[in-house]
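In the working numbering, the protein residues as written are 29 to 233.
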């Protein structure tokens with residue numbers, strides 16, 4: 029009876045791992061493509077919010093790759109992987125803040141058409157990723173952290189579109205700068221949460 033129970037649990041765990049792996053490969057591909065699209069569009073349109081969001085996409089792609097690497101490993105390995113994700117989030121925040129300082133002094137107004145079109149495309153891509161990840165967000169700390177990354181993407185995408193609308197209304201680049209800094213703040217806050225959870229997991233016996 030005990031052997032049958034263990035065998036059943038092992039089979040269920042293997043099936044869950046395969047489902048997680050399939051989802052992670054899908055969202056990894058989506059984020060890698062969207063990173064390139066957003067980065068090039070952000071540079072071309074002088075949009076801090078698009079550039080900042082592209083760095084988030086890159087960080088997520090790396091995070092998903094890291095999650096795939098540890099998907100069959102133990103709890104401590106997954107916690108160490110999550111620490112990497114936390115540092116990536118923090119470095120993204122620093123990069124966006126540095127870009128904000130540069131654009132504040134260059135005084136360039138973002139190109140609204142590019143911001144809006146790319147913003148909507150990336151939003152739908154991230155909604156798709158969040159939908160795929162939501163069913164796995166409570167599986168373990170590994171999947172919980174990538175779900176948090178995806179949720180942050182939705183917040184950032186919505187902020188990009190809001191910035192485009194405000195730039196159109198005001199004719200100023202300040203809304204774009206403000207949203208870029210907001211994205212940096214979200215990155216930093218999420219990094220703190222992820223790193224805290226990871227250290228707690230590593231300290232568990």
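Built from N, CA and C at the ideal position, the CB exists for glycine as well.
Check whether the Cβ atoms of residue i and residue j sit closer than 8 angstroms, and answer yes or no.
i, j, result
"residue 51", "residue 209", "no"
"residue 207", "residue 191", "yes"
"residue 117", "residue 188", "no"
"residue 81", "residue 66", "yes"
"residue 94", "residue 112", "yes"
"residue 12", "residue 184", "As displayed, the chain neither begins before 29 nor continues past 233, which places residue 12 out of reach and without an answer."
"residue 230", "residue 104", "yes"
"residue 86", "residue 53", "no"
From what residue to what residue does the alpha helix (DSSP H) around residue i run?
i, result
"residue 144", "140 to 162"
Please work out which residues of its chain come closer than 7 angstroms, Cβ to Cβ, to residue i, disregarding the five sequence neighbours upstream and downstream, and give them in chain order.
i, result
"residue 38", "Confidence in residue 38 is poor, its pLDDT being 44 and thus under 50, which makes the residue's placement unreliable; the coordinate value appears in the next sentence. Excluding sequence neighbours, residue 38 sits near nothing in its chain."
"residue 138", "73, 74, 75, 195, 201 and 204"
"residue 146", "65, 66, 69 and 78"
"residue 71", "79"
"residue 140", "192, 195 and 196"
Does the Cβ of residue i have 16 or more other Cβ atoms within 10 Å, making it buried, or fewer, making it exposed?
i, result
"residue 227", "exposed"
"residue 152", "exposed"
"residue 91", "buried"
"residue 215", "buried"
"residue 79", "buried"
"residue 199", "exposed"
"residue 45", "exposed"
Might you give, ordered along the chain, the residues of its own chain that have their beta carbon closer than 6 angstroms to the beta carbon of residue i, omitting 5 neighbours on each side?
i, result
"residue 157", "55, 58 and 178"
"residue 172", "165"
"residue 83", "120 and 123"
Between residue i and the ligand MG, is there a pair consisting of the residue's CB and a ligand heavy atom that are separated by less than 7 angstroms?
i, result
"residue 190", "Summarising the ligand content, the structure contains no ligands, and the ligand MG is consequently not present."
For residue i, collect the residues of the same chain with a Cβ closer than 8 angstroms to its Cβ; drop the 5 residues on either side in sequence, then sort them by chain order.
i, result
"residue 274", "Here the chain comprises residues numbered 29 to 233, so residue 274 is not present and cannot be evaluated."
"residue 213", "121"
"residue 127", "76, 79, 80 and 208"
"residue 182", "151, 154, 155 and 158"
"residue 132", "205"
Next on the checklist: If contact is defined by three or more beta carbon pairs under 8 angstroms, each pair taking one atom from either stretch, is the region 58 to 69 in contact with the region 110 to 123?
Outcome noted: no
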